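The block underneath contains the structure these notes are about, expressed in structure tokens.
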Amino acid sequence: MTAYILRRILYLIPTFFGATFLAFLIIQLAPGDYLTQRELDPKVTPETIARLRAQFGLDRPIYEQYLLWMNNLLHLNLGYSFAFQAPVLEVIWPRVVNSMVIVIPSTLLLYLVAIPIGVYGAVRQYSLGDRILSFLAYIGLSVPSFFLALIAIYVLLQIKFRTGTLIFPVSGMTSSGFEQMPPLRQILDIAWHAVVPVLVATANDIAGLSRLMRGQMLEVLGQDYIRTARAKGLAERVVLYKHAFRNAVIPFVATLGGLLPSLISGAGFVEVVMAWPGITPFFLDAIANQDLYVIAGFLTVSLVLLMIGNLISDLLLAWVDPRIRYE
Amino acid sequence: MRKAFWLAAALALAGVASAQTFVWPQKWTVAKPSEVKRGGTLRQATISDYRTFNPFITAEADNVPATISGARGLVIRDPTTGDWIPYMAESFSVSANKLEITFKIRKGMKWSDGRPITADDWIMTWRIHTDKAVGSNRYDDFFIDGKPITLRKIDDYTIRFIYPRTDADAFRVASFAPWPAHIFGPVYQKDGAEGIKKMWTLNEKPENIVSGGPWLIESYRPGERLVLKRNPAFGEWNKDAAGNPLPYLDRYEIKIVKDTNAQLAEFLAGNIDVFAPSTVDHISQVRQAIQQGRLDATLKVNASPVASSQFMVFNWNKASDPFKQSLFRSDKFRRAMSHIVNRQAVVDIVYGGLGTPMYTSVYPVLTQWINPKVPKYEYDLRQAAKLLAELGFIKKDREGYLVDSRGRRIEFNLATNAGNTQREQIAKLIVDEAKKVGVKVNFQAIDFNTLVGQLLSSGPDRPFDAIIIGLTGGGLDWPFGPNVVPCKGNLHMWNKSGQCLDPRETQLDALYSRGRTELDFKKRVEIGYRMQEIEAQLLPVIYIAGPNYHPAWNNRLGGEHPDAIISSIWGQRELELTFIKK
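Taken in order, these protein sequences are the chains called Z and P. Here the first sequence is numbered in this note's numbering, starting from 3 and rising by one per residue. Here the second sequence is numbered in this note's numbering, starting from 3 and rising by one per residue.
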């Protein structure tokens, strides 16, 4: 096992270099650079643009820029943001933390809700409840999260117009005067702001995951050993939870490692629409501005987490599934 | 005699003892000093996040240093007249040759840390802005044709600007906001540009940010909210007509809301106080909320056009396709193309009736600069067909497109940046109208940076036919772009061969220089009128239409501008004169 882990870690090294170079190349292949938009300012002279380009190193060949960046990276320096004129890690880290306020509860909620729904759907296949849940799942799958967020804002406003109170905030992460609040109120304030974004961010995924769980469970329930268990006269509860569920849930356990990169990758467009100061709006800004090292740096962190996550997944799989052994 | 001397001495002393105040004119606000209340918080939203507190490296129009300093310097513009009036200067005098302006700095002004604001602050600020290695966005402001504008300290409260030649923009240059020399100076001397660039990042503690303007940073939460509080030092020399210190507000909060729908929701919910809806849908939602009594607010629809342009430009440098090149270089052709642009349809369809047609390079909002007499070449398909016939395009081919005697069809590609739905709609309207007269236009939406790359490419053969794009920026003093008009200009988009190709380009180039160096406003406007006449003949760029400005505010605010000066140039209010009614 130790040999296996070591071998996997060794494999990560060429993957890392290959992937970062590819990412860097793709970003650079996009036309223009950070200064292109400024070129359309009637007051800025071409000489100034050229000077800034040299200052940012954007006039050098791509391989040279990559090597410089890689050199920084090996010193654990992700590079410098053009727009913020500050180290990438310094500017992205607070955003990642903000995103986690949504992502972590939403992930927990996802598993807590989607798995029971899936199990229910499988056990009571084609019952009225299953049909209703399936119907809702299809809606959940088809409505994009940004649109769901807009609907949520609309509903909140309508409630405000009718009752005069905002039950949940329409946007943002904290209220005015947040800095003056005592710590406990600050936590409650953030929690109050997070409710709607968390629900919206979870809604889509619940649909998908519960359908998967339902499928897995149905498949396991059709297996011979379940029939055997039932024939043996085991209680239905034991059949379902001890035999069927434990096997059906294996693929989900195996994907837990894959959650690692999603922890830092933000909650998506919900953040943009509801003005949540997470990583998504920030990253979109960086892409729009072609803030090279922010994009590259963020991709690198995601990449590393993805590689670690995959490794954890494989180990988890070996741990939960007795049929798999790495030697 | 002796008595008079003592009297003068006493007066001089009194002047030193109390700050020389700047009284904010009553005509800038609708509120009387007697109805004004002090205190409260103004809440606003902005679309993009702040990136630094450092005034020397900030590059965005909406930035923290400009907000806390009020972006004001020795002189400011009076929004009721457009004139430059002394502000941080108490007075100024222009030398006989008009190359030097000497400013007497107001005494008694203080930084928020209590240190006096003096000539050294301007000198240091100018030094850092003009240090190439710093990369300040204001760098180019301090050069005319590559020659530097220099500042000289005469004494602590007198400063002289020396220009390499007379310049219409002279006062705008002098309007830059000073920053404290006692903070930036020592770092600059010790570590140079690199030291400056590391200062005042977003991680800097708010209490370390020193301001000479109306606001101080109270707190900043990245991506969320900037909270500013009143700078008491500012109120010592900024007073309203009744002598009350300004600003009236205690706090000014700016929420960062990236999505305009969310901004609208915040405004409708009463969580922000000012908002400028830009689409028909947003305007009608605000109007509906007001009419149904759900929101107590004021909305001024079509207050003015916005200061931006949308235009179509043809490429004069197409050596690889002499037929197209000669076509694009023909002013008859371009005039015909102006006649096929249905500007009213653009306003109606693209801007939902809330826009303004454009015919000259001067933004329609700069009314005093617009020459009303220049020909407009409005939408007229018959006229377009006639002009094309004069160019020899009489017959139509099997598909119904015009061809000349040698069978060459009028056909060109028209590009704009993908994702800009308004420009895409404009392009589609042009395609349809062109088809009616027998001109084939192939529309393509391409990536913005690719588009800019094509537009700014130079040489005898450039890779595009026609592009729809827009510009913003350009001042009230001289609204013609320094990069746009001169033939060697980087944004001389139609012809980037590096030289004037048409005698009228040469004329425009010369008039541009003359206007830029003319200090008399009236004479300058005359030159501007003349330039618009030549532009109308040459038609290097076909102007289309632009959106309008529609400010809205919650009625808990008072102190907005009188209606006559509410516009995209002057905005809806001066923050200093804004107060909370309830």
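Backbone N, C-alpha and C fix where the C-beta goes; we use that ideal spot for every residue, glycine too. The structure displayed is predicted, hence computed values, not measured ones.
Looking only at its own chain, which residues have a Cβ that is under 7 Å from the Cβ of residue i, when we skip the five neighbours before and after it?
i: L54(Z); result: L37
i: Q424(P); result: V352
i: F86(Z); result: V93
Could you spell out the range, first to last residue, of the alpha helix (DSSP H) harbouring residue i?
i: Q509(P); result: 505–519
i: W555(P); result: Segment 554–556 is the beta strand (DSSP E) holding W555(P); no alpha helix (DSSP H) there.
i: S330(Z); result: Nothing can be reported for residue 330(Z): it is not among the residues displayed for chain Z, which extend from 3 to 329.
i: E528(P); result: 523–540
i: L262(Z); result: 261–266
i: G120(Z); result: 90–125
i: L317(Z); result: 294–322
i: L14(Z); result: 4–31
i: Q385(P); result: 383–392
With the cut-off set at 8 Å, would you say residue i and residue j are in Cβ contact?
i: S2(Z); j: V93(Z); result: The first residue shown for chain Z is 3 and the last is 329, placing residue 2(Z) beyond what the model contains.
i: R162(P); j: T104(P); result: yes
i: S311(P); j: Y141(P); result: no
i: I285(P); j: L356(P); result: yes
i: S221(P); j: P208(P); result: yes
i: G455(P); j: D252(P); result: no
i: P253(Z); j: Q218(Z); result: yes
i: F24(P); j: N240(P); result: yes
i: L390(P); j: A338(P); result: yes
i: Y122(Z); j: G131(Z); result: yes
i: L44(P); j: D275(P); result: yes
i: H131(P); j: V303(P); result: no
i: D101(P); j: T48(P); result: The sequence as given places Leu at residue 101(P); Asp does not occur at that position. No, these two residues do not count as a Cβ contact at 8 Å.
i: A547(P); j: L431(P); result: no
i: N319(P); j: D463(P); result: yes
i: K490(P); j: K39(P); result: no
Can you give me the Cβ contacts of residue i inside the same chain, cut-off strictly under 6 Å, excluding the 5 residues immediately before and after it?
i: I536(P); result: R506, Q509, L510
i: V198(Z); result: A154, F170
i: L220(Z); result: A124
i: L27(Z); result: none
i: A436(P); result: I342, V443
Apart from the five residues just before and just after residue i, which ones in its own chain have a Cβ nearer than 8 Å to its Cβ?
i: E226(P); result: K257, I258
i: A170(P); result: D479, W480, G517, R518, T519, E520, L521, R526
i: N56(P); result: P67, I198, K199, M201, W202, T203
Between residue i and residue j, what straight-line distance do the alpha-carbon atoms span, to the nearest angstrom?
i: M175(Z); j: V66(P); result: 21 Å
i: V240(Z); j: A246(Z); result: 9 Å
i: E49(Z); j: V364(P); result: 26 Å
i: S213(P); j: N415(P); result: 52 Å
i: P107(Z); j: E255(P); result: 29 Å
i: N497(P); j: D158(P); result: 49 Å
i: Y295(Z); j: L24(Z); result: 14 Å
i: T262(P); j: E562(P); result: 23 Å
i: W86(P); j: F173(P); result: 7 Å
i: L468(P); j: A417(P); result: Before going further, note that residue 468(P) is Ala rather than Leu in the sequence given. Answer to the nearest angstrom: the Cα atoms are 6 Å apart.
i: K45(Z); j: E181(Z); result: 40 Å
i: R4(P); j: K106(P); result: Low confidence applies here, because R4(P) scores a pLDDT of 47, under 50, leaving its location unreliable; read the following figure in that light. Each residue's alpha carbon lies about 28 Å from the other.
i: A277(P); j: R289(P); result: Note on identity: in this sequence residue 277(P) is Phe, with Ala being the wrong assignment. Spanning the two alpha carbons is a distance of roughly 13 Å.
i: G268(Z); j: T302(Z); result: 15 Å
Where do the N-terminal and C-terminal ends of the beta strand (DSSP E) with residue i fall, by residue?
i: T418(P); result: 413–419
i: V315(P); result: 310–316
i: Q46(P); result: 43–48
i: Y468(P); result: Before going further, note that residue 468(P) is Ala rather than Tyr in the sequence given. First-last of the beta strand (DSSP E) with A468(P): 468–474.
i: A299(P); result: 299–301
i: G187(P); result: G187(P) -> not in any beta strand (DSSP E); alpha helix (DSSP H) instead, spanning 183–199.
If you measure from the CB of residue i, is any heavy atom of the ligand SAH nearer than 7 Å?
i: P279(Z); result: Looking for the ligand SAH in the displayed structure turns up nothing, as the structure carries no ligands at all.
For the stretch 158–176 of chain Z, list every residue whose C-beta sits within 7 Å of some C-beta in chain P, in sequence order.
L159, K162, F163, L168, V172, S173, G174, M175, T176
Contacting positions in the stretch 487–503 of chain P - beta carbon closer than 9 Å to chain Z:
G491, N492, L493
Interfacial residues, the stretch 51–62 of chain Z to chain P, with Cβ spacing under 9 Å:
I51, R53, L54, Q57, F58
Along the stretch 73–91 of chain Z, what residues have a CB closer than 7 Å to any CB found in chain P?
A85, F86, Q87, A88
Residues in the stretch 274–286 of chain Z with C-beta within 7 Å of chain P's C-beta atoms, listed in sequence order?
V274, V275, M276, A277, P279, P283, F284
Residues in the stretch 435–467 of chain P having any Cβ partner in chain Z nearer than 7 Å
D449, N451, T452, V454, G455, L458
Could you run through the stretch 131–152 of chain P and flag, in chain order, every residue whose CB is less than 7 Å away from some CB of chain Z?
K134, G137, Y141, D142
If contact means a Cβ-Cβ distance below 8 Å, which residues of the stretch 214–243 of chain P contact chain Z?
E220, S221, R223, P224, G225, E226, R227, V229
Which residues, taken in chain order from the stretch 157–169 of chain P, show a beta carbon closer than 7 Å to some beta carbon of chain Z?
none
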